[in-house]
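In this text, residue positions in the sequence shown follow numbering that gives the first Met the number 0: the first is 0, and each later residue adds one.
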Amino acid sequence: MKIAVSGKGGVGKTTISANLIYLFAKNGFNVFAVDADPDASLGLTLGMDPQKLASLTPLVDMKEVIEQKSGGKGAFYNLNPEVEDVIDNYSLQQGKVKFLIMGGIKQGGSACYCRENSFLNAVLNSLLLDKKEVVVLDMSAGIEHLTRGTARGVDLMLIVTEPTRNGLKTAKVVRQLASDLGIGKIKVVGNKIRSEEEKDFIRHNFLGMDVIGFLPYHNKVWEKSMEENPEIFGEEDLLTGMEEVYQEIVKEAI
Ligand SMILES: Nc1ncnc2c1ncn2[C@@H]1O[C@H](COP(=O)(O)OP(=O)(O)OP(=O)(O)O)[C@@H](O)[C@H]1O
Ligand SMILES: [Mg+2]
C-alpha cells in the first residue's frame with residue numbers, strides 16, 4: 000500500500016502521516032516513512048532521536064552517492080541508477096519503520112539539477128513501484144516529487160484539510176494535480192474539527208470529493224508541538240477517529 004499525504008500548509012499532513020505510520024506498524028506492516036516535504040518535520044513528529052535525525056542527510060543532498068550512482072561527474076549520467084542499497088543504508092530505523100528524507104526537488108535558474116532530480120525519481124520509483132512494504136509519503140501541497148511514472152505506484156492520495164475556504168482551495172488544486180498524474184483514488188480527511196458546523200462546512204463545500212473522515216482538534220496534540228524532543232509516537236498520540244480513517248484507507252488502498 001502506497002499512500003501520499005498532501006494539503007495546505009499547516010493543516011496536519013505530518014501529524015496524520017505519523018498517525019498512519021504508527022497504525023500500519025502496529026498492525027504488523029513494515030513501513031517506509033518518507034519525508035517528501037522540503038520543510039522536513041516527520042522524523043521529529045515520530046519521536047526519532049534528534050541527533051540521529053540531524054545526521055541523516057536528505058537524499059537530494061547526497062552528492063557523492065548521487066555522483067557514484069549516476070555515473071561520475073561527467074556530462075553523461077545514468078537516468079535509472081540502482082538505488083536499492085541507498086534506501087536500505089540511508090534510512091533511519093525505528094521498530095518496523097524505516098525513515099527517509101527526500102529533500103526538495105532542485106530548481107535552478109541556470110544550474111542543471113537533472114542528476115539530483117533523476118536520482119530522487121529513481122528512489123521514489125524503487126519505493127513506489129518495486130517495494131512490497133507500505134509507503135507513506137508526507138508531502139507539501141505541491142506534489143512535485145511525483146511524476147507520471149512514479150505516481151503509478153501511489154494507491155491513494157490523502158488530502159488533509161481544515162474547515163476553511165483556503166483549505167478547500169488548496170484541496171481542489173491538489174486534487175487536480177493528482178488526477179493529472181493519473182492517481183485514481185483521491186480522498187479527503189477533515190482535521191482540527193471543533194464542531195458539527197465545521198463538519199457540515201466540509202460536507203457541503205467539498206462536493207464531488209470523497210470525504211473519508213473527520214478528526215477533532217486536540218489540545219494535547221497542539222501542545223506536543225511545543226516540545227523540543229518529543230517522545231516516540233505512541234498510542235496516546237493517536238487522534239480520535241484515526242483508527243476508522245486508517246481502516247477506510249486500508250480498504251481503499253488494497
Ligand atoms: N487534530 C489536531 N488537533 C490539534 N492540533 C493539531 C491537529 N493536527 C495537527 N495539529 C497541529 O497543527 C500544527 C501543524 O500540523 P502539521 O505539522 O502536522 O501540519 P502540516 O500540514 O504537516 O504542516 P506543514 O505544511 O508545515 O508541513 C502542529 O502544531 C500540529 O501539532
Ligand atoms: Mg508537515
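Think of the CB as a built atom: it goes at the ideal place given N, C-alpha and C, for glycine as much as any other residue.
Note that this is a predicted model, so its numbers are computed, not measured.
- Selection R193, V220, V210 and T163 evaluated against K7 yields T163 as nearest (Cα-Cα).
- According to the DSSP assignment, M156 belongs to no alpha helix (DSSP H) but to the beta strand (DSSP E) extending over L155 to T160.
- Boundaries of the alpha helix (DSSP H) harbouring G42: L41 to T44, taken from the DSSP string.
- Exclusion of the five residues before and after M241 leaves N18 as the residues of its chain whose Cβ lies within less than 6 Å of its Cβ.
- Around the beta-carbon of K62, fewer than 16 other beta-carbon atoms lie within 10 Å, marking it exposed.
- Taken atom to atom, the span from the alpha-carbon of H217 to that of A39 is near 22 Å.
- Partner residues in the beta bridge of A32, as assigned by DSSP, are F98 and V135.
- Here the distance from the Cβ of Y21 to the nearest heavy atom of ligand 1 is not below 7 Å.
- For T13, the shortest separation between its Cβ and any heavy atom of ligand 1 lies below 7 Å.
- Straight-line measurement puts the Cα of E132 at about 11 Å from the Cα of G27.
- Counting the other Cβ atoms within 10 Å of the Cβ of Q175 gives fewer than 16, which makes it exposed.
- Under the three-pair Cβ rule at 8 Å, the stretch 33 to 49 counts as touching the stretch 220 to 232.
- Buried is the label assigned to E161, since at least 16 other Cβ atoms lie within 10 Å of its Cβ.
- By the neighbour-count criterion, in which a residue is buried when 16 or more other Cβ atoms sit within 10 angstroms of its Cβ, A150 is buried.
- Judged by DSSP secondary structure, G212 falls within the beta strand (DSSP E) whose first and last residues are D209 to P215.
- If the five residues before and after G183 are omitted, its C-beta is found closer than 6 Å to no C-beta atom of its own chain.
- Ranking F205, G148, I253 and E195 by CA distance to the CA of N165 puts F205 first.
- Sixteen is the threshold: when 16 or more other Cβ atoms of the shown chains lie within 10 Å of the Cβ of R114, as they do, the residue is buried.
- Residue range K1 to G6 is occupied by the beta strand (DSSP E) that includes S5, with no alpha helix (DSSP H) assigned at that position.
- When C-alpha distances from I104 are compared across P57, V85, E83 and N88, the shortest belongs to P57.
- Just measuring C-alpha positions, the residue of Q106, D84, F200 and T169 sitting nearest P37 is Q106.
- By DSSP's assignment, K186 forms a beta bridge with L157 and D209.
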